[in-house]
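Residue numbering for the sequence shown follows my numbering, beginning at 7 and increasing consecutively. Ideal Cβ placement from N, Cα and C applies to all residues, glycine included. I have placed the structure first, in the form of structure tokens, so that the comments after it can refer back to it.
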Amino acid sequence: MSQLTSLPPVAQRTYVECKKCGCDRFHVVVAHTTATSAKVECEVCHAKKTLKVDSGKPKKAKTKVGVKRVQTKAISNRWDEVRSVLNETQKQPYNMKANFPLHTTIEHPKFGVGVVTAAALQSIEVVFEDGTRSLVHNRT
Ligand SMILES: [Zn+2]
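Next up, the structure:
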């Protein structure tokens with residue numbers, strides 16, 4: 007079977023294999039479904055099938071770029087940085103339902119005192135003395 011490289015126009019007949027008939031038949035192009043595929047109908051048995059063409063473009067290999075945790079980089083440095091904004095007297099107990107804005111000092115029951123260094127809608131990055139952790143907040 008020769009590989010088509012472009013779609014035949016709608017309403018044009020194209021000679022391709024019909025699985026139902028078990029041989030090559032003229033098919034009428036009913037519609038183009040995508041840039042590289044079309045709905046065609048067998049002229050004999052009226053079975054519909056999808057005709058695909060090779061766009062010629064090499065398929066992009068999706069390379070997964072490993073999402074590396076930032077945790078490993080200079081933990082102690084980050085702690086030193088946040089110590090200037092850490093406010094022990096105004097620390098707030100960590101609670102996933104509460105909202106913690108940037109630079110809030112929080113007290114986590116397990117990790118201890120930390121400072122919010124990044125705040126998204128439902129997650130915060132908190133720097134604790136022993137490392138950076140992602141925690142949830144604003145959960146209802
Ligand atoms: Zn057929």
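*Going by CA-CA distance only, name the one from Pro115, Arg19, Ile112 and Arg145 that's closest to Leu127.*
Along the sequence shown, one-based indexing puts residue 127 at 121. Per the Cα distances, Arg145.
*Output the distance between the C-alpha atoms of Glu47 and His33, rounded to the nearest integer angstrom.*
Position 41 of the sequence shown, counting from 1, holds the residue named residue 47. Position 27 of the sequence shown, counting from 1, holds the residue named residue 33. Using only the alpha carbons, I get a separation of about 5 Å.
*Can you grab the Cα-Cα spacing for the pair Asp136 / Arg84, in whole Å?*
The count along the sequence shown starts at 1 and reaches residue 136 at position 130. The count along the sequence shown starts at 1 and reaches residue 84 at position 78. C-alpha separation (whole angstroms): 10 Å.
*Taking only the alpha-carbon atoms, compute the straight-line gap between Thr42 and Lys116 and give it to the nearest angstrom.*
In the sequence shown, counting from the first residue as 1, residue 42 sits at position 36. In the sequence shown, counting from the first residue as 1, residue 116 sits at position 110. In a straight line, the C-alpha of Thr42 is about 55 Å away from that of Lys116.
*Starting from Arg84, follow its DSSP beta bridges and name the residues at the other end.*
Residue 84 sits at position 78 when you count from the first residue of the sequence shown. Beta-bridge pairing links Arg84 to no other residue.
*Euclidean distance between Cα positions of Ser134 and Thr123*: For the purposes of this step, residue 134 is taken as the residue at position 128 of the sequence shown. For the purposes of this step, residue 123 is taken as the residue at position 117 of the sequence shown. The sequence as given places Phe at residue 134; Ser does not occur at that position. Looking at the two C-alpha atoms, the distance is approximately 10 Å.
*If I'm right that His38 touches Val16 with Cβ under 8 Å, what's the distance once you round it to whole angstroms?*
Stepping through the sequence shown from its first residue, residue 38 is reached at position 32. Stepping through the sequence shown from its first residue, residue 16 is reached at position 10. With a Cβ gap of about 6 Å, His38 and Val16 count as contacting.
*How about Val119 and Leu92: do their beta carbons lie closer than 9 Å?*
Sequence index remark: in the sequence shown, residue 119 carries index 113 (1-based). Sequence index remark: in the sequence shown, residue 92 carries index 86 (1-based). Yes, Cβ-Cβ distance for Val119 and Leu92 is below 9 Å.
_Please output, in chain order, the residues near ligand 1 using a CB cut-off of less than 7 Å to any non-hydrogen atom of the ligand._
Cys24, Lys26, Cys27, Arg31, Cys48, Val50, Cys51 and Ala53
_Can you look up Glu23 in the DSSP assignment and give me helix, strand or coil?_
Position 17 of the sequence shown, counting from 1, holds the residue named residue 23. Glu23 falls in the strand class under three-state DSSP.
*Quick one: grab the DSSP three-state call for Thr95.*
Taking the sequence shown and counting its residues from 1, the one referred to as residue 95 is at position 89. Note: Thr95 maps to helix in three-state DSSP.
_Starting from Ser140, trace the beta strand (DSSP E) in both directions and tell me its first and last residue._
Within the sequence shown, numbered from 1, the residue matching residue 140 stands at position 134. Residues Gly137 to Val142.
*asked:* Given this structure, state the Cα-to-Cα distance separating Ser90 from Thr40, to the nearest angstrom.
replied: Mapped onto the sequence shown, residue 90 falls at position 84. Mapped onto the sequence shown, residue 40 falls at position 34. If you take the alpha carbons of Ser90 and Thr40, they lie about 57 Å apart.
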